[in-house]
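K.L.:
Residue numbers (the numbering used here): 85 to 398. Ideal Cβ positions, reconstructed from N, Cα and C, are used throughout, including at glycine.
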Ligand SMILES: CC(C)(COP(=O)(O)OP(=O)(O)OC[C@H]1O[C@@H](n2cnc3c(N)ncnc32)[C@H](O)[C@@H]1OP(=O)(O)O)[C@@H](O)C(=O)NCCC(=O)NCCS
């Protein structure tokens with residue numbers, strides 16, 4: 085086996101939907117401000133007793149059911165999250181226990197908003213190294229636990245949810261392409277979630293400038309490493325930070341007019357490590373991904389870290 089491929093996807097969003105008008109009753113903001121600055125119209129917020137592991141398990145269960153794989157055959161579970169409150173057992177072990185996966189290697193990854201692309205890369209590398217054959221890769225966040233609901237600069241942006249992918253070993257080298265990853269740790273203070281009662285804060289303009297000026301060449305490099313031209317992509321699924329960042333990066337890539345650009349942020353908000361698999365799974369559910377076509381996944385954010393890879397759509 086020379087690589088891995090995505091076999092199936094799944095996602096989960098909490099039932100509670102918060103609109104911009106709902107937020108305008110909490111803080112001094114408006115639908116017009118939020119829509120024009122970040123492009124978000126609604127976001128899903130978890131119930132107080134709903135955990136990251138709950139959401140991760142629901143998304144993972146759907147992906148596993150769609151794959152048709154026996155849970156016993158899964159030998160690796162990786163969960164990307166920056167909001168799990170439990171240190172032990174980690175989220176991956178909790179997901180495995182709930183899904184009846186008996187003996188997997190199970191670990192969490194925290195690179196904040198780029199987490200899913202990092203987790204996908206580590207799972208792909210494990211398969212390529214012969215250390216795993218079937219993997220469950222999940223991004224799940226309860227950002228609402230970290231939100232200061234009096235801070236209008238953050239409470240309008242972040243949200244909750246989970247997305248998952250099932251991978252299997254394949255002799256198709258192109259299934260999950262080479263990752264391009266890295267970070268600018270000197271700018272790490274631009275997004276902080278810290279303290280024992282962790283609260284999110286950000287330097288919005290610094291993040292915006294970094295994302296819109298530094299990231300397009302890195303996204304293009306991920307295509308080059310996969311031997312795919314940007315105009316051959318059938319889908320571009322970047323981290324759903326905000327609509328202006330998504331459109332700025334997409335505009336610089338030279339995508340074909342037929343390429344589907346994920347704009348899930350409009351309905352789902354910014355769900356950090358969950359945003360890429362959530363957006364990908366929702367596109368797949370709507371039948372908007374051409375099976376076998378190349379899609380560029382590209383995570384970026386807190387750290388400031390980034391990771392991207394071209395995958396073949398399931
Ligand atoms: C957050 C962001 C939308 C703020 O937009 P901005 O144009 O940079 O706004 P500023 O921070 O300069 O603030 C401009 C004004 O809007 C106000 N403001 C901030 N949030 C607001 C809100 N929700 N509603 C109304 N006004 C708001 C500010 O208080 C400020 O008011 P002032 O001029 O009276 O001081 C923008 O910086 C951004 O999109 N950054 C990227 C953030 C991101 O994607 N983070 C995710 C990381 S993965």
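Given the structure, does residue 70 come close to ligand 1, in the sense that its CB is under 7 Å from one of the ligand's heavy atoms?
P.N.:
Nothing about residue 70 can be reported from this structure: the residues present for the chain run from 85 to 398 only.
K.L.:
Within this structure, are the beta carbons of residue 160 and residue 188 separated by less than 8 Å?
P.N.:
Numbered from 1 along the chain shown, position 76 holds the residue referred to as residue 160. Numbered from 1 along the chain shown, position 104 holds the residue referred to as residue 188. Yes; because the gap between Cβ atoms is below 8 Å, this pair is in contact.
K.L.:
Is residue 200 helix, strand or coil by DSSP?
P.N.:
If you number the chain shown from 1, residue 200 lands on position 116. It is helical.
K.L.:
Can we count residue 124 as close to ligand 1, meaning its CB is less than 7 Å from some heavy atom?
P.N.:
As a first step, residue 124 is located in the chain shown; it is residue number 40 there, counting from the start. Result no, Cβ not under 7 Å from ligand 1.
K.L.:
Tell me whether residue 288 counts as near ligand 1, meaning its Cβ is closer than 7 Å to at least one heavy atom of that ligand.
P.N.:
Locating residue 288 in the chain shown gives position 204, where the first residue counts as 1. It does: the Cβ of residue 288 is within 7 Å (strictly closer) of some heavy atom of ligand 1.
K.L.:
I need the straight-line Cα distance from residue 251 to residue 316, nearest angstrom please.
P.N.:
Position 167 of the chain shown, counted from the first residue, corresponds to residue 251. Position 232 of the chain shown, counted from the first residue, corresponds to residue 316. Residue 251 and residue 316: Cα-Cα distance of roughly 23 Å.
K.L.:
Taking 7 Å as the cut-off, is the beta-carbon of residue 166 closer than that to any non-hydrogen atom of ligand 1?
P.N.:
Position 82 of the chain shown, counted from the start, is the residue given in the question as residue 166. Result no, Cβ not under 7 Å from ligand 1.
K.L.:
Alpha carbon to alpha carbon, how far is residue 310 from residue 234?
P.N.:
As a first step, residue 310 must be located in the chain shown, where it is residue number 226. As a first step, residue 234 must be located in the chain shown, where it is residue number 150. Roughly 44 Å between the two C-alpha positions.
K.L.:
Of the choices 119, 132 and 275, whose alpha-carbon is the least far from that of residue 98?
P.N.:
The residue you call residue 98 lines up with position 14 of the chain shown. Residue 132 is the option with its Cα nearest to residue 98.
K.L.:
Cβ of residue 121 versus every heavy atom of ligand 1: is any distance shorter than 7 Å?
P.N.:
The residue labelled residue 121 in the question sits at position 37 within the chain shown. Yes, ligand 1 has a heavy atom inside 7 Å of this Cβ.
K.L.:
Bridge partners for residue 337 per DSSP, in chain order?
P.N.:
Position 253 of the chain shown, counted from the first residue, corresponds to residue 337. In the DSSP output, where bridge partners are listed per residue, residue 337 has none listed.
K.L.:
Let me know the secondary structure DSSP gives residue 426 once reduced to three states.
P.N.:
No answer is possible for residue 426: it lies beyond the span of the chain, which begins at 85 and ends at 398.
K.L.:
In the DSSP assignment, find the beta strand (DSSP E) that holds residue 265 and state where it starts and stops.
P.N.:
Numbered from its first residue, the chain shown carries residue 265 at position 181. Segment 264-267, the beta strand (DSSP E) holding residue 265.
K.L.:
In or out: residue 206 buried (at least 16 other Cβ within 10 Å) or exposed?
P.N.:
On the chain shown, residue 206 is found 122 positions in, with the first residue counted as 1. Counting Cβ neighbours within 10 Å, residue 206 comes out buried, since at least 16 surround it.
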